[in-house]
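*Asks:* Residue numbers (our numbering): -13 to 543. Here a beta-carbon is modelled for each residue, glycine too, at the ideal position from N, C-alpha and C.
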Amino acid sequence: MEAEKESLNFIEQIIESDLVTNPTKKVHTRFPPEPNGYLHIGHAKSICLNFGVGAKYNGQTNLRFDDTNPVTEETEYVDSIKEDIRWLGFDWEDREYYASDYFQQLYDMAEKLIQKGKAYVDDSDAETMATQKGTPTEPGVHSQFRNRTVEENLDLFRKMKAGAFEEGTRVLRAKIDMASTNMLMRDPVIYRIKYATHHRTGDEWCIYPMYDFAHGQSDAVEEITYSLCTLEFENHRPLYDWFIQELEIFPSRQIEFARLNVDYMITSKRKLKQLVDEGIVSGWDDPRMPTISGMRRRGYTPASLRTFCDKVGIAKRENTIEMSLLEYCVREDLNKIAPRIMAVLDPVKLVITNLAADYQETMLVENNPEQPDEGSREVFFSRTIYIERSDFMEDPPKKYFRLGPDRKVRLKGAYIIHCTHFEKGADGKVDSIYAEFVPNSKSGEDTSGVKVKGTIHWVDAQTALDAEVRLYDRLFLDPTPDNHPDKSFLDFINPDSMDILQRVKLEANYKKAGTSRHFQFLRKGYFFEDYNSSTKAIVFNRTVTLRDSWAKLQQKI
RNA sequence: UGUCGGGUCGUCUAAUAGGCAGGACGCCAGAAUUUGGAUCUGGAAAUAGAGGUUCGAAUCCUCUCCUGACAACCA
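1) Would Gly40 and Val13 be called neighbours here (beta carbons separated by less than 9 Å)?
2) Report the three-state DSSP secondary structure of Cys192 (helix, strand or coil).
3) Using C-beta distances below 7 Å, list every residue in its chain close to Thr187, excluding the 5 sequence neighbours before and after it, in chain order.
4) Ala85 by DSSP, collapsed to three states: which one?
5) Check each candidate in Leu397, Phe229, Ile235 and name the one with the smallest Cα separation from Lys428.
6) Does the distance from the CB of Ala421 to the CB of Thr433 come in under 9 Å?
7) Can you check which of these residues, Asn527, Ser310, Phe387, Leu233, is closest to Ser376 by C-alpha distance?
8) Going by C-alpha to C-alpha distance, which of Pro21, Asp332, Ile307 sits closest to Trp444?
9) Measure from the alpha carbon of Cys192 to the alpha carbon of each residue in Phe199, Thr183, Asp198, Ala200, then state which is nearest.
10) Let me check one thing: in DSSP terms, what residues is Gly511 bridge-paired to?
11) Taking a contact to mean a Cβ-Cβ separation below 9 Å, would you say Gln46 touches Thr15 in this structure?
12) Taking the straight line between their C-alpha atoms, what separation do you get for Leu92 and Tyr43?
13) Mapping DSSP to helix, strand and coil, what is His545?
14) Quick check: the region 306 to 314 against the region 240 to 249, are there 3 or more CB pairs under 8 Å?
15) Mind reading off the beta-carbon distance from Phe131 to Asp94? Whole number of angstroms is fine, and I expect it under 8 Å.
16) Mind listing, in chain order, the continuous alpha helix (DSSP H) runs of no fewer than 4 residues lying wholly within the region 62 to 142?
17) What is the C-beta distance between Lys180 and Tyr197, in whole angstroms, given that I count them as a contact (C-beta under 8 Å)?
18) I want to know whether the region 508 to 523 touches the region 482 to 495 - three or more CB-CB distances under 8 Å.
19) Look at the Cβ atom of Tyr496, then the Cβ atom of Ala329, and state whether they are nearer than 9 Å.
20) List in chain order: all unbroken alpha helix (DSSP H) runs of 4+ residues lying wholly within the region 242 to 268.
21) Please classify Leu539 as buried or exposed, where buried requires at least 16 other C-beta atoms within 10 Å of its C-beta.
22) Out of Asp417, Arg239, Gly299, which one is the CA nearest neighbour of Ile0?
23) Please report the distance separating the alpha-carbon of Tyr314 from that of Met164.
24) Here's the rule: buried if 16 or more other CB atoms are within 10 angstroms of the residue's CB, otherwise exposed. What is Arg134?
25) Would you kindly check if the distance between the Cβ of Gly265 and the Cβ of Asp271 is under 9 Å?
26) If you draw a straight line from the C-alpha of Phe462 to the C-alpha of Phe478, how long is it?
27) Have a look at Glu153 and Glu59 and give me their C-alpha separation to the nearest angstrom.
28) Run the CB neighbour count on His29, radius 10 Å, all protein chains shown included, and call it buried at 16 or more, exposed below.
29) Taking DSSP as the reference, what is the three-state secondary structure of Lys394?
30) For the putative contact between Arg369 and Ala342, defined by C-beta atoms under 8 Å, what is the C-beta separation to the nearest angstrom?
31) Just to confirm the assignment, what range does the alpha helix (DSSP H) spanning Trp228 have?
32) On the criterion of 16 or more Cβ atoms from any shown chain inside 10 Å, does Ser32 qualify as buried, or is it exposed?
33) Quick one: measure Cβ to Cβ for Lys302 and Leu217, integer angstroms, because I've assumed they're closer than 8 Å.
34) What residues in its chain sit with their C-beta under 8 Å from that of Ser110, if we drop five residues either side in the sequence?
35) Report the rounded CA-to-CA distance for Ile230 versus Pro237, giving the unit in angstroms.
36) Which residues bound the beta strand (DSSP E) around Arg50?
The following block contains the structure:
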C-alpha cells in the first residue's frame, strides 16, 4: 500500500529530477485532442496523466484542440470533448486553445525556415515524392526542386497562401536529410494546400500546417514544458527537436508513454466512427462504446474512471489491461454510493398461501448497508410477489441455497418462506410458485429459530412498477478484435452484447432509496437510469453485474 | 536487411547509485454474512535465454531470441 503510494512513474521521475536541477521550472502540460471524433477510454488515460501531473506539481494544463485538418474536424466534436473532460472532473480554466489560433504564427515560422534556407516549395506530385522518399532500408533521393533559391521559395509559398495554386500541386517541405535513417527526417512536408472550410477559421486559409509543424510549435507558443504523447510519436521526436532548434522557439520536451489498450475493446477513432456510421451501435454514446460518453451513459462514474487510469500505470511497454480491472474500479465506487433497491429482472409469481388475499404490510429495508446513515425505506409486501425465475429450481442441487419444492429461503427484509408446490404453464415453464411464510420470522425480529442459507430479493406484485432494463455485455467476442491481419474487427461483434428486458418489476418506492441515479439492484448488479427514462417509461442500463461466486461454482459442478 | 523503442507473476505495475523481487486486478482456500455482494484471513503465481563482471545482478557488459513503431499532402 505504502510502496504503491510512493512509487513514481517514469514521467514523474523525469520531472522530479528536473526539479532538483532547476527548482523554479514550471510544470506545464496540455491535452491535445483532434476534434474528429469522441473521446474514449484511451483519452481518459491521457487526460488523467496530463491534468494529474499538472496538478501534482502545482503546474497548469491547457486544453488545446489540434485542429489543423479542416476536412475531418467539426464543432460537434469540440463540444463533446469539452463536456467529457469536465465530466471526468478536470478543469482547464481559461486555457482553451486551438492550433488554428496559431495559424499566423505558424505561417511566420514557415517563412523563417525558408529564409534560413531550411525549407523549400516542392512541385512534385504525391506519388513522385513517395518514390523519392526511399524506404526504411534505402535512402531517398533529392527532389529536383530542392535547390530553389530563398527568394523563389518565398515567392511560391506566398502564392500558395494567396490561393494561386490548385490543391495538391505544391507543398512546403523542411530541408533536412533525404538519407536519414529516420523516414520523418527525409524532408517532411510541413504545409499543404487545402481548399476546405475550417470549423473555426472558415475560408481564411487555403494552406494548412501538418502535424509535425503544428504540434510542437503550439507547445512552444504555450510554453508547455512537458509534451506527453503516445509511443507512436517516438520517431517524431528528432523532428520535434529539430524545429525547436531551427526556429529558436521555446524548448518543450516530448516524452512518450504507452497508450492504453483494454481487452475486448477497440480505441481506434476510425473504427469507432465506423460502428456509429454503420448503425452497429446506436451512437457515440451507446453504452457499449468505450467512449467516455458511452461509459457515462452505461453508468460508469468519473471517480471509477480516474481510479482505473491511476491503476493501469504509466510506462513505455505495450500493454493490454484486463476488463476485470475496469469492472473492479466501477464496482468499488458504486458499492459505496449506490442505493440498493429490489428489482426482479425475470419475474415469476409467488403466492404466500397462508396470508389473506387482502393482506398488506410495509417492510423497512436499508438503503445501503455500506452507508448506515442513509437509513431505510418502506417496501410494500403482500400475498403475491414476484421473485427471480433463476431463484427457483424444480430439482435443485445440494449447493443451491435458494428456493425449490419443500425448501426454505429468506425474502430480503421480510419473512422466511417455505415452498409447498408449484405449477407449470402450457409452455412447460414454471408459472406460479406457492409457499407459506414462517411465523415469527420477520426480518429484524426473528424468533422462529429457523435457519436458512439463502436470501432472495422480491417485489410486491400489486404495487410493482414496470421497467425496461438493458443488459449490456462486451461488444466483441475477441480480446483483441482489431489485431487479426486476416479478419475485420467487425467479424468479432458479440451478437448478445445487448439484451433488452421489457417487463422488469421494480419496487414502487425505488426513488426513495436515494437521490442517486445509480442503483444496485440487489444481487443483480449496478444499474443506471438512462437519460431517456421517464416516470411513464422507466429505463435502466446495466453498468456491471455483481461478482457472482455462484456462477463460478455452477460452472465447476 | 535499416533506425528508434520495449521484454518482471495470467494481466498491469514497482524495486530511485548493484543489496530480501513488492503491490494491484484475476485465481484458489477459509472466516463471517438477512445481497452466493461488500468485508476479513491465508495461498499459488514472474525477472525471455546463454555467457561475463561482482561478495552480491531484474539492474552493468556481450551475444541470442521475441516484440512494437516508421516509407499519409492524417493526427
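*Replies:* Judging by the given coordinates:
1) yes
2) coil
3) Ser86, Phe89
4) helix
5) Leu397
6) no
7) Phe387
8) Asp332
9) Thr183
10) Phe507, Thr531
11) yes
12) 30 Å
13) Within the shown structure, residues of the chain are numbered from -13 to 543, placing residue 545 beyond reach of any answer.
14) yes
15) Their Cβ separation, rounded to whole angstroms, is 23 Å, which puts Phe131 and Asp94 out of contact at 8 Å.
16) 89 to 101, 112 to 118
17) Actually they are not in contact, since the Cβ atoms of Lys180 and Tyr197 sit about 14 Å apart, beyond 8 Å.
18) no
19) yes
20) 255 to 263
21) exposed
22) Arg239
23) 51 Å
24) buried
25) no
26) 5 Å
27) 19 Å
28) buried
29) strand
30) 7 Å
31) 223 to 233
32) buried
33) 7 Å
34) Gln118, Ser129, Gln130, Phe131
35) 6 Å
36) 46 to 51
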